[in-house]
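*Asks:* Quick note: the sequence shown, position 61, residue 205 per the numbering used here, numbers continuous. From the three backbone atoms N, C-alpha and C, an ideal C-beta is built for every residue, glycine too.
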Amino acid sequence: MLFGRKRKVKIDENRLPRHVGIIMDGNGRWAKKRGLPRSAGHSAGAEALKKIVTEANNLGIEYVTVYAFSTENWKRPADEVKYLMSLLLDYLKNAEKNLAGDNTVIRVIGSRAELGDEIREQILKTEKLTEHNTGTVLNIALNYGGREEITRAARELCADVKDGLLDTESIDEKAVEDRLYTHGQPDVDLLIRTSGEMRLSNFMLWQVSYAEMWFTDKLWPDFKPADFRHAVNEFGHRGRRFGGI
Ligand code: FPP
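So, in structure tokens, the structure goes:
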């Protein structure tokens, strides 16, 4: 699928991941190396993300999910949490300007109840503003945790059984999937994590079941469109068996 842009690199379009998950790690270390406050690393990280989203659109990737703020990130110092939230708010506010020409659909996944009113309202505005775009769907995982997402799905299933809308026996994987934040979207095909860490950190636990993992030592603000193409290209050469032979 092409989104009206020319491809920059020769990547086999039959072997593109439909859904790429990204754990954007290393902003703090990037800043520390430069003697800058951690906030500067997060700002640089937000700039890096804009370029990667543009590249995903250029390549014709259908879905990208980025881990922007986890359910565990509230443990960070209050000023860092505040800065991250303001950065996210700006990103959403400027979505039209930043992503002009990209045709990106923005969705926010995660638990909204704990977020401030301003950011909650902006999420609704930005989602509405971009919902009819036809390019890459960018899921921003905000106050997101994979365990919280699955727990929430379980709670909804129980409520539906209690209300007589569902039989316990008819609960299958699709019934769970239908209650995830990413319902209707394909599983993650390719999971990228930067900064040399090799953990899932509670990211998309259900959706990454058969994902190919790609790790790099580069810190997130240094992660460039060429690195993204490299990961996508390597994905195209992996043999996926989904449990078969
Ligand atoms: C991990 O680096 C990164 C985060 C917890 C936040 C990710 C946020 C951004 C890339 C910018 C804002 C995002 C959007 C969508 C505008 P770290 O702080 O844990 O780095 P460290 O491990 O080196 O300390």
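1) Do A188 and P369 count as a contact pair if the criterion is CB distance below 8 Å?
2) For V197 and L282, which I take to be in contact (beta-carbon distance under 8 Å), what is that distance rounded to the nearest angstrom?
3) Where does S183 fall in DSSP's three states?
4) Taking 7 Å as the line, does the beta carbon of M455 fall inside it for any heavy atom of ligand 1?
5) Per DSSP, what kind of secondary structure is F359 in: helix, strand or coil?
6) Name the one or two DSSP bridge partners that F372 has.
7) When you compare only the Cα positions, how much space is there between K150 and N202?
8) Give me, in chain order, the residues of the same chain whose beta-carbon lies closer than 7 Å to that of R337; leave out the 5 immediate sequence neighbours on both sides.
9) Since R373 and I155 should fall inside the 8 Å C-beta cutoff, what is the C-beta to C-beta distance between them, to a whole number of angstroms?
10) Can you say whether M348 is buried or exposed, counting buried as having 16 or more other CB atoms within 10 angstroms of its CB?
11) For N247, name the three-state secondary structure that DSSP assigns.
12) Output the distance between the C-alpha atoms of A212 and G204, rounded to the nearest integer angstrom.
13) Express the C-alpha separation of K318 and D311 in angstroms, rounding to a whole number.
14) Taking only beta-carbon atoms, is F372 less than 8 Å away from chain B?
15) Is F347 helix, strand or coil by DSSP?
16) Looking at ligand 1, does it come within less than 7 Å of H163, judged from the CB to the closest heavy atom?
17) Note down the Cα distance separating G388 from D333, rounded to an integer number of angstroms.
18) Confirm, please, whether the CB-CB distance from T209 to A99 is below 8 Å.
19) Run through DSSP, which three-state label would N377 get?
20) Going by C-alpha to C-alpha distance, which of G254, A184, A239 sits closest to N217?
*Replies:* So, from the listed chains and residues:
1) It is not a contact, given that the beta carbons lie outside the stated cut-off.
2) 6 Å
3) helix
4) What the structure shows of the chain is the stretch from 145 to 389, and residue 455 is not part of that stretch, so it cannot be assessed.
5) strand
6) Answer is none; F372 lacks a bridge partner.
7) Since pLDDT at K150 reaches only 48, below the 50 mark, its modelled position is unreliable, and no value is offered.
8) I167, D169, F359
9) 7 Å
10) buried
11) coil
12) Whole-angstrom Cα-Cα distance: 22 Å.
13) 14 Å
14) No chain B appears in the structure shown, which is made up of a single protein chain.
15) coil
16) No, Cβ of H163 sits at least 7 Å from all heavy atoms of ligand 1.
17) 16 Å
18) Residue 99 cannot be examined here, being either before or after the span of the chain that is shown, 145 to 389.
19) helix
20) G254
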